[in-house]
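Enquirer:
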Amino acid sequence: MAPSSGENHKPSLVRAITAKESSWTAIQTQTIMTNFSTIYKLSLVALTCFFQVLLVEASTGSCPVLECWFVQEKAGRGGGLTGATTQEKSLLHIQTDAQSHDAASQKTPADINPDRVYFVTDPAATLCHHSLNPPRGSIKKPQCEINPFLPQPSTLTWVASLTDSALSPIYLEAEWFSSAFQGLNEQLGISTITRAPTGSKEHNVILSVTSKTLSVKSRLGEPVLLDCGFWTDPSSPLSGSGFAVEWRYQFRGNGRVVVAYDGKRDRLADTQEEGATLDFEGLHEKGNASLILQEAKVRHSGTYICSVYLPYLLAQVALDLEIVEPPSLSIHPSPLPLAVPGQTLNILCEASGFAPLSLDLSWEFKGADGKSRPLGSGSVTGHRQTWDGTYSQSTRLELDTSKLDLGTGGEITCMAVHPGGTRRASATLNVIGFSTPSIEDSMAMVGVALVLYGLIKFVSWTFSSSGSDETDQQDKKEK
Numbered sequence: 001m002a003p004s005s006g007e008n009h010k011p012s013l014v015r016a017i018t019a020k021e022s023s024w025t026a027i028q029t030q031t032i033m034t035n036f037s038t039i040y041k042l043s044l045v046a047l048t049c050f051f052q053v054l055l056v057e058a059s060t061g062s063c064p065v066l067e068c069w070f071v072q073e074k075a076g077r078g079g080g081l082t083g084a085t086t087q088e089k090s091l092l093h094i095q096t097d098a099q100s101h102d103a104a105s106q107k108t109p110a111d112i113n114p115d116r117v118y119f120v121t122d123p124a125a126t127l128c129h130h131s132l133n134p135p136r137g138s139i140k141k142p143q144c145e146i147n148p149f150l151p152q153p154s155t156l157t158w159v160a161s162l163t164d165s166a167l168s169p170i171y172l173e174a175e176w177f178s179s180a181f182q183g184l185n186e187q188l189g190i191s192t193i194t195r196a197p198t199g200s201k202e203h204n205v206i207l208s209v210t211s212k213t214l215s216v217k218s219r220l221g222e223p224v225l226l227d228c229g230f231w232t233d234p235s236s237p238l239s240g241s242g243f244a245v246e247w248r249y250q251f252r253g254n255g256r257v258v259v260a261y262d263g264k265r266d267r268l269a270d271t272q273e274e275g276a277t278l279d280f281e282g283l284h285e286k287g288n289a290s291l292i293l294q295e296a297k298v299r300h301s302g303t304y305i306c307s308v309y310l311p312y313l314l315a316q317v318a319l320d321l322e323i324v325e326p327p328s329l330s331i332h333p334s335p336l337p338l339a340v341p342g343q344t345l346n347i348l349c350e351a352s353g354f355a356p357l358s359l360d361l362s363w364e365f366k367g368a369d370g371k372s373r374p375l376g377s378g379s380v381t382g383h384r385q386t387w388d389g390t391y392s393q394s395t396r397l398e399l400d401t402s403k404l405d406l407g408t409g410g411e412i413t414c415m416a417v418h419p420g421g422t423r424r425a426s427a428t429l430n431v432i433g434f435s436t437p438s439i440e441d442s443m444a445m446v447g448v449a450l451v452l453y454g455l456i457k458f459v460s461w462t463f464s465s466s467g468s469d470e471t472d473q474q475d476k477k478e479k
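So the sequence shown is numbered by the UniProt record's numbering: it starts at 1 and just counts up by one.
(1) Determine the direct distance from the alpha carbon of Asp-164 to that of Val-45, and round the result to whole angstroms.
(2) Any idea what DSSP makes of Cys-349, helix, strand or coil?
(3) Pick out whichever of Leu-406, Ser-178, Leu-450, Asp-270 has its Cα sitting closest to the Cα of Ile-432.
(4) How big is the Cα-Cα spacing for Ser-215 and Asp-115?
(5) Where does the unbroken alpha helix (DSSP H) through Thr-286 begin, and where does it stop?
(6) How would you label Ser-218, buried or exposed, when you count the other beta carbons within 10 angstroms and need 16 or more for buried?
(7) Would you list the one or two residues that DSSP bridges to Tyr-304?
(8) Could you tell me the distance, in whole angstroms, from the CA atom of Asn-133 to the CA atom of Cys-414?
(9) Give the single residue among Gly-183, Ile-170, His-300 whose Cα lies nearest to the Cα of Thr-198.
(10) If you draw a straight line from the alpha carbon of Gly-353 to that of Ser-392, how long is it in whole angstroms?
(11) Rounded to a whole number of angstroms, what is the C-alpha to C-alpha distance between Gln-95 and Glu-67?
(12) Could you tell me if Asp-233 is buried or exposed, where buried requires 16 or more neighbouring beta carbons within 10 angstroms of its beta carbon?
(13) Could you check the C-alpha separation between Ala-416 and Leu-361 for me, to the nearest Å?
(14) Using CA coordinates, which residue listed in Ala-110, Asp-388, Ile-412 is at the minimum distance from Arg-396?
(15) Does DSSP put Asn-185 in a helix, in a strand, or in coil?
(16) Contact defined as beta carbons within less than 8 Å: I believe Ser-179 pairs with Ile-146. What is the distance between those atoms, to the nearest angstrom?
(17) May I have the straight-line CA-CA distance separating Cys-306 from Asp-279, to the nearest angstrom?
(18) List, from N- to C-terminal side, the beta strand (DSSP E) runs of 3 residues or more that fit wholly inside the region 137-161.
(19) Closer than 7 Å by C-beta to Gly-282: which residues in its own chain qualify, once you throw out the five before and the five after it? Chain order, please.
(20) What does DSSP give as the partner residues of Glu-88 in its beta bridges?
(21) With distances taken Cα to Cα, identify the nearest neighbour of Pro-109 among Ser-90, Trp-176, Pro-151, Met-443.
(22) I need the DSSP call for Gly-454, collapsed to helix, strand or coil.
(23) Could you compute how far the alpha carbon of Cys-63 sits from the alpha carbon of Gln-143?
(24) Count Cβ pairs between the region 232-247 and the region 331-343 that sit closer than 8 Å; are there 3 or more?
(25) Which whole-angstrom value describes the C-beta separation of Thr-126 and Trp-231, a residue pair presumed to lie in contact below a C-beta threshold of 8 Å?
(26) Look at the alpha carbon of Ala-351 and the alpha carbon of Ser-330, and state the distance between them as a whole number of angstroms.
(27) List the whole-angstrom C-beta distance separating residue 550 from Val-308, where the pair is believed to meet the contact cut-off of C-beta under 8 Å.
(28) Taking Ser-328 as the reference, which of His-418, Leu-319, Thr-194 has the closest Cα?
(29) Given a cut-off of 8 Å on the beta-carbon distance, is the pair residue 523 and Ser-191 in contact?
(30) Verify whether the separation of the beta carbon atoms of Leu-184 and Lys-140 is less than 8 Å.
(31) Once you ignore the five residues that flank His-129 on each side, which residues in its own chain have a CB closer than 7 Å to its CB?
(32) CB Pro-311 to CB Leu-162, shorter than 8 Å?
(33) With a Cβ-Cβ cutoff of 8 Å, do Ala-355 and Ile-323 count as a contact?
(34) Ala-110 CB to nearest chain B CB: under 8 Å?
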């Protein structure tokens, strides 16, 4: 039987419906892919913007707003006399990018003159150190002072080559300022030279000198590193004309040049001190001007000033170095002689090889019961300085056994308290004679007595047995 017309067209209809469904599915898939691509692109844009915001906050948000003292001298009254110094509160807005300054949005505290509000651009971010930006509400504040600065050439031998030209560049015709900063807990010391166009509040850091070791302590004989680094603005015409570095020592009014280096001519000054040097490779490549003392000595204690020169500019930071060496203790006589009740012993304790001078000497006695008691400081002598600059001092203890209940003796200790640490030296004291015997001594004497008694009984019994045997043998012979 021939198939009907409906049956003949059924496969064609199914194929058409299937083709439409496939086409619709493809359209939906393409639409989903297009939407996914759009969402992906939008996500990338959002993430990019988010990271850009983070970078901006990281570069600008961590920089502090510093309250400083603006210090300058009043004009003299003639005769070369200088007037009094004036101090005004000032505000420094620190940023790493000059474009991020928005003077209009900044609020000035009521106690600060708006003319003393400055916007400082520091591309090196040296002034953005966390020690200069304490938490809000912190009682401790970083120290800051700003002064007017006058660029001028230096006559020092190792600096004069920086200003060979007799003419000053037009670049110097601006307002210049010198600023000094000290971070919390002396973590950081910074000195900067900034430049501002005449009448402008926009300051640019041209030279900064930094130290992370404002206070250093060292033992004798150890190598010492006094940190100092500098940065110069590469866009400044002064930064390409060379530099010079000088380390100077000061102590109680006396000073000397430790090392001086002309970076332009790559030449050390003849005043270099023995055992002091610089890392010349790091100096030229990274601005590392740190001073290296190969072996610490007592005479190195004092203040060190790291000065960095550019043509017509100077910035410097000061560091304190203290050589701290604890004393060595010895007791004389050693060992201590035997003592009897009523006797007076003289014991000497000598502390030697210490620096600085500060030292507290004392004595104590520790008896057989384990208890300690102070005996005072004794008779302390004055300080004596040795050839290497260290000091020595001694104390003498007069120990009167008739006035002190020392029992059978114990341990005599000399104690020295010094900034470099506490030191102790001990000696054993034995007391013999008429003092009341201790329980241990009594038990020992009883034991010895029992042993002697047993030995006597044994000898007596032995001789008695031997005598009786000889008598019996003689009796038998007579019979």
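Even glycine gets a Cβ: it sits at the ideal position worked out from N, Cα and C.
Only a predicted model underlies this, so the values are computations on that prediction, with no experimental measurement involved.
Expert: So, from the listed chains and residues:
(1) Annotation note: pLDDT 42 at Val-45 (below 50); position unreliable, coordinate value reported separately. One alpha carbon belongs to Val-45, the other to Asp-164, and they sit about 55 Å apart.
(2) Cys-349 carries a strand assignment under DSSP once its states are collapsed to helix, strand and coil.
(3) For Ile-432, the nearest C-alpha among the options comes from Leu-406.
(4) Ser-215 and Asp-115 have their C-alpha atoms some 35 Å from each other.
(5) The question names Thr, yet the displayed sequence has Lys at residue 286. Counting along the chain, the alpha helix (DSSP H) containing Lys-286 begins and ends at 280-286.
(6) By the 10 Å Cβ count, Ser-218 comes out buried.
(7) Answer is Tyr-249, Leu-319, bridged to Tyr-304.
(8) Asn-133 and Cys-414: Cα-Cα distance of roughly 48 Å.
(9) Relative to the Cα of Thr-198, the nearest Cα in the group Gly-183, Ile-170, His-300 belongs to Ile-170.
(10) Note on geometry: alpha-carbon atoms of Gly-353 and Ser-392 lie some 6 Å from one another.
(11) C-alpha of Gln-95 to C-alpha of Glu-67: approximately 15 Å in a straight line.
(12) Buried is the call here.
(13) Taking the straight line from one Cα to the other gives about 5 Å.
(14) Ranking Ala-110, Asp-388, Ile-412 by Cα distance to Arg-396 puts Ile-412 first.
(15) Taken through DSSP and simplified to helix, strand or coil, Asn-185 comes out as helix.
(16) Rounded to whole angstroms, the Cβ separation of Ser-179 and Ile-146 is 4 Å, and the two are in contact under 8 Å.
(17) One C-alpha to the other measures close to 14 Å.
(18) Runs of the beta strand (DSSP E) inside the region 137-161: 143-148.
(19) Around Gly-282: Asn-288.
(20) Note: Glu-88 sits in a beta bridge opposite Phe-70.
(21) Considering only Ser-90, Trp-176, Pro-151, Met-443, the residue with the shortest C-alpha distance to Pro-109 is Ser-90.
(22) The answer is helix: DSSP assigns Gly-454 an H, G or I state.
(23) The straight-line gap from Cα to Cα measures roughly 15 Å.
(24) Result no; under three Cβ-Cβ pairs closer than 8 Å.
(25) The beta-carbon distance between Thr-126 and Trp-231, rounded to whole angstroms, is 6 Å. This is short enough to meet the 8 Å contact definition.
(26) If you take the alpha carbons of Ala-351 and Ser-330, they lie about 7 Å apart.
(27) Here the chain has residues from 1 to 479 only, and residue 550 is not among them.
(28) Minimum Cα distance to Ser-328 is reached at His-418.
(29) Given a span of 1 to 479 for the chain in the structure shown, any question on residue 523 remains unanswerable.
(30) A contact, by the Cβ cut-off of 8 Å.
(31) In the same chain as His-129, and ignoring 5 residues on each side of it, the C-beta atoms closer than 7 Å to its own belong to Gly-183, Leu-188, in chain order.
(32) In this structure, the beta-carbon distance from Pro-311 to Leu-162 falls below 8 Å.
(33) Yes, Cβ-Cβ distance for Ala-355 and Ile-323 is below 8 Å.
(34) This model lacks chain B altogether; it includes just one protein chain.
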